């Protein structure tokens with residue numbers, strides 16, 4: 020079940036951060052990143068964020084989160100994290116389909132680590148088009164994608 024998370028509630032912010040920590044630890048290892056900003060993100064940044072958070076719940080337990088940031092002409096997938104115990108169950112697909120239908124906007128963007136092949140395949144399978152490669156401040160190579168999504 021997917022539902023909106025009210026991140027301003029401290030207990031919810033803690034749960035969001037818990038999923039971020041276990042999921043982004045895997046991505047940091049994949050990318051060989053020594054300093055990985057998502058792992059440094061404090062609870063207060065979740066609690067005070069103006070972004071939208073949606074959670075995927077399995078048996079009333081939060082197992083995945085998608086964070087959406089409104090940009091001028093699009094919605095940006097700021098983060099998409101899944102508890103590693105729930106990898107390859109179609110949860111990330113479900114969250115992406117959900118946001119495509121939830122937002123009345125046609126353009127979506129996302130960024131991920133260049134060497135995060137599973138994430139890149141996920142976005143490419145949805146039809147996201149490669150836009151650019153760049154090196155982030157932490158010397159992590161990243162790729163940016165966008166899609167003009169049709170309503171599903």
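Residue numbers (the numbering used here): 20 to 171. Using N, Cα and C, we set each Cβ at its ideal position, and we do this for glycine too. Here the structure is a predicted model, which means the values were calculated and not measured.
*Rank 80, 65 and 92 by C-alpha distance to the C-alpha of residue 86 and give the top, closest one.*
Closest option to residue 86, Cα to Cα, is 65.
*Separation of residue 110 from residue 83, as counted between CA atoms*: Approximately 7 Å between the Cα atoms of the pair.
*DSSP three-state assignment for residue 167, whether helix, strand or coil*: Here residue 167 carries a strand assignment [DSSP, helix/strand/coil].
*asked:* I'd like to know whether the C-beta atoms of residue 129 and residue 121 end up nearer to each other than 8 Å.
replied: No; because the gap between Cβ atoms is not below 8 Å, this pair is not in contact.
*By how many angstroms is the C-alpha of residue 24 removed from the C-alpha of residue 152?*
Roughly 31 Å between the two C-alpha positions.
*Where do the ends of the beta strand (DSSP E) carrying residue 74 lie?*
Run containing residue 74: 71-77, per the beta strand (DSSP E) assignment.
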